[in-house]
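Numbering (our numbering), first residue to last: 17 to 645.
Here a beta-carbon is modelled for each residue, glycine too, at the ideal position from N, C-alpha and C.
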Amino acid sequence: MTVNRRMVLGSFLAAGAFMGGKVRAAEGGGSNAAPAQPNNAHAEPGNATAPVPQHVHETVADQQYRPKIHFSPPKGFMNDPNGLIFDGRYYHLYYQHNPFGPYAGHVHWGHAVSTDLYTWQDLPIAIHETEAGEAYSGCAILDRDNRSGLFPARTQDKPQPGSVETAAQKAARLLEGKGEQDQREIDRLAVGPLQGHQKSEYLAALRDDPVAGKDVPVPMAPALPPMAGGLVAIYTRATPQRQTQYLAWSPDGGQTLKDYEGNPVLDIGHNSFRDPKVFWHGPTEKWVMVVVRSREHKVSFYGSFDLKHWMHLSDFGPSGITGVDYECPALAEVEVEGEAPGEKRWVLFVSINPGGPQGGSITQYFVGQFDGERFIPDDTIVDLTDFGKDSYALQTYENMPGKQTVYIAWLDNWQYCEELPNKSWRGIMTLPRKVVLRRDTAGWLRIAQNPYKLEALRKAAIPFPLSRLEAQSSRQVAIPAGEAIELVLDAALEERHNSNLPDGEQGRAGRFVVVFSNRQGESLSIGFDGFSCQLWLDRSNLHGFSHPFFTGTFSSALVPGSRRFKLRIVLDASTLEVFANEGMSVGTALIYPANPLETLSVQVTNAAAVIHKLELYPLRQTVSRLEQN
17 MTVNRRMVLG
27 SFLAAGAFMG
37 GKVRAAEGGG
47 SNAAPAQPNN
57 AHAEPGNATA
67 PVPQHVHETV
77 ADQQYRPKIH
87 FSPPKGFMND
97 PNGLIFDGRY
107 YHLYYQHNPF
117 GPYAGHVHWG
127 HAVSTDLYTW
137 QDLPIAIHET
147 EAGEAYSGCA
157 ILDRDNRSGL
167 FPARTQDKPQ
177 PGSVETAAQK
187 AARLLEGKGE
197 QDQREIDRLA
207 VGPLQGHQKS
217 EYLAALRDDP
227 VAGKDVPVPM
237 APALPPMAGG
247 LVAIYTRATP
257 QRQTQYLAWS
267 PDGGQTLKDY
277 EGNPVLDIGH
287 NSFRDPKVFW
297 HGPTEKWVMV
307 VVRSREHKVS
317 FYGSFDLKHW
327 MHLSDFGPSG
337 ITGVDYECPA
347 LAEVEVEGEA
357 PGEKRWVLFV
367 SINPGGPQGG
377 SITQYFVGQF
387 DGERFIPDDT
397 IVDLTDFGKD
407 SYALQTYENM
417 PGKQTVYIAW
427 LDNWQYCEEL
437 PNKSWRGIMT
447 LPRKVVLRRD
457 TAGWLRIAQN
467 PYKLEALRKA
477 AIPFPLSRLE
487 AQSSRQVAIP
497 AGEAIELVLD
507 AALEERHNSN
517 LPDGEQGRAG
527 RFVVVFSNRQ
537 GESLSIGFDG
547 FSCQLWLDRS
557 NLHGFSHPFF
567 TGTFSSALVP
577 GSRRFKLRIV
587 LDASTLEVFA
597 NEGMSVGTAL
607 IYPANPLETL
617 SVQVTNAAAV
627 IHKLELYPLR
637 QTVSRLEQN
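Spelled out as structure tokens, the structure:
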């Protein structure tokens, strides 16, 4: 009996499994009924139609605030990182990009590659805005074995062992099988809400797909490249009426991305359904998509064997801080430090905007377990990735060497990103950060994050010998103009013995302060308060940018009762990243001094301090935009 594919998909909808291909699946109504959802979360001025590029003249601020080691776009506007993947030779950075002006809107996928995550080469736009909509956030994966059937056959003289079937070929084989083993494999593979005959119908739909059924080659040798498949992108096509998930494949290692002819592959009839992150889940032998129903504050999980047909597995949320929108989810298996070798937990990252505790956009995370179908948090604890307000929409790298967890985030905030003083370009990425899980003093698992291999950029250290600071004293050193710098500090405030020193605004138990300043009286401070054991970051005395939402000060609790702390501070033009206590507390902030900062000083108030370590490095420039402006 021939199975009608459209009828099969209809039965899946009744079971709660939403699939793509050429059929659009809707929730809560007919196939073309879009529920009452808001438009996309970023109804910014740049989203207004601009039929021709708007030329913006470069200003002094464009060069003054251009980072030297952080990635920024050659021109136009940049926000979320997309498609972060290591292909065996290059690290790819795709990103949300408006090439026509320094405002959000007309979203394309910009593209750059690197061999070290710091030195970037710009490539042509990878995905364009089309009549079907803007190219919103998404991800990239390696379909090594061409399970999708998207890639043309490779020819080779001799077949290699270890041939891998496409999903269509496996489905055909299983449906023709008569034995108990075939039925057990169907039961094992068809994970999710499908039951009984619906599992076979799902496999029949895969078998009958006109593209998936094409002949595919035996996989090439496992080295990258070559491979039978290649790089695939999954992203959101967005219009004011609808947001759907699209599939694109690359014939040339990621430089060009070609849309699958059967797009969209996932359409549930919402206009607030976006930002897919896809990974291969080995234990259940399928692709898993993590995507948000943003205004409903839900993270949805979908499964697929071929990247083109998706079945709904489960939902997570609302949970944690909801804000207005959930965005840019990421699910990663992260190493747990200090426990059994190989111990890992799953971490679900969810960005929220607006509504972050610091104001505007921020990213939260949950630690838990994932079985290929559902994410179950270990506890009710929810935490933020940052105590500043300028780290958002993080995405983890796929296929990292050693299975490390490394991410890049957008170093900005939707509250003011379109009004910053630089005019011809806007948008910066954070440094790449390696993430592990570590238990805090209360026993909770929390992420610890540190710059990934930043040491390779260090030049000769700037001499700054210092082992002790007496109460009410300071030391200073000049820092090189126009260079990124890194400060590594390990210090401890001593107990306060002289009660004759005033309390005033200097802290009951003393304070230790790192200050970057200039002769015009501007200052940027990062300080530790010995009484509360808290860290602060204060950018309020910089005069290059003023905005109602450009919050001046932030703070983070460190180890209760401990007067010792460690800091790693990276200052690069308009960016500041502070990693405290080996990455257990991280603060990210845009900074806009009206004049370059030229002096670094360390000072204490009414308690002395011991300096266990102090190292100051200029960092080698890796990103130059002079020739492109």
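Item	Value
Report all residues from its chain with a CB closer than 8 Å to the CB of V398; omit the five preceding and five following residues, and keep chain order.	S335, G336, I337, Q380, Y381, F382
Can you grab the Cα-Cα spacing for the pair R163 / L247, in whole Å?	12 Å
Enumerate in chain order the residues of its own chain whose CB-to-CB distance from Q492 is below 6 Å, with the five nearest sequence positions on each side excluded.	T615, S617
If I measure Cβ to Cβ from L158 and keep anything under 8 Å in the same chain, skipping five residues before and after, which residues do I get?	I101, D103, L240, M243, G245, G246, L247, V248, E414, N415
In three-state terms, what does DSSP make of P467?	strand
Rounded to whole angstroms, what is the Cα-Cα separation between W326 and D138?	33 Å
When every heavy atom of the ligand GDP is checked, does at least one fall within less than 8 Å of the C-beta of Y251?	The model depicted lacks the ligand GDP and carries no ligand whatsoever.
Go ahead and pull the three-state DSSP assignment for R163.	coil
Please list, in chain order, all residues of the same chain as S533 whose beta carbon is under 6 Å from its beta carbon, the five residues on each side excluded.	S539, T615
Where P89 and I607 are concerned, what is the direct C-alpha to C-alpha distance, given to the nearest angstrom?	18 Å
Pick out whichever of E312, A464, W125 has its Cα sitting closest to the Cα of L273.	W125
Does the distance from the C-beta atom of T604 to that of S377 stay below 9 Å?	no
With burial defined as no fewer than 16 other Cβ atoms inside 10 Å of the residue's Cβ, what is the status of Q112: buried or exposed?	buried
Assuming S541 and V530 make a contact with CB atoms under 8 Å, what is their CB distance in whole Å?	7 Å
Locate the beta strand (DSSP E) running through A264, then write down its first and last residues.	259 to 265
Straight-line CA distance for M94 to H122?	11 Å
Answer with buried or exposed for V76, where buried requires no fewer than 16 other C-beta atoms within 10 angstroms of its C-beta.	exposed
To the nearest angstrom, report how far apart G537 and A610 are at their CA atoms.	10 Å
DSSP three-state label for T300, please.	helix
Take the Cβ of P496 as the centre, count every other Cβ of all protein chains shown within 10 Å, and call the residue buried at 16 or more, exposed below.	exposed
Residues in its own chain within less than 7 Å of W430 by CB, not counting five upstream and five downstream?	H58, N369, P370, G376, S377
DSSP three-state call for P417: helix, strand or coil?	helix
I need the straight-line Cα distance from V350 to G358, nearest angstrom please.	10 Å
Taking the alpha-carbon of E499 as reference, which of S440, I478, Y276 has the nearest alpha-carbon?	I478
Would you kindly report the start and end of the unbroken beta strand (DSSP E) that includes A507?	500 to 509
Taking just the CA atoms, how far does A425 sit from K439?	21 Å
To test your reading of the DSSP string, which unbroken beta strand (DSSP E) runs of 3 or more residues are found completely within the region 281 to 338?	289 to 297, 302 to 309, 314 to 320, 327 to 332
What residue from D402, A254, E74, E277 has the CA that sits closest to A596's CA?	D402
Note down the Cα distance separating W303 from E312, rounded to an integer number of angstroms.	24 Å
Which same chain residues, not among the five before or five after G560, have their C-beta less than 7 Å away from its C-beta?	P437, Y608, P609, A610
Consult DSSP for Q79 and reduce its assignment to one of helix, strand or coil.	helix
With burial defined as no fewer than 16 other Cβ atoms inside 10 Å of the residue's Cβ, what is the status of G285: buried or exposed?	buried
Please tell me whether K475 and Y633 are closer than 9 Å, where the distance is taken between their beta carbons.	yes
Look at E150 and T255 and say whether their C-beta atoms are less than 9 Å apart.	yes
What are the uninterrupted segments assigned as beta strand (DSSP E) that are 3 or more residues long and contained completely in the region 568 to 609, given in chain order?	569 to 573, 580 to 588, 591 to 596, 601 to 606
To the nearest angstrom, how far is it from the Cα of V639 to the Cα of F566?	26 Å
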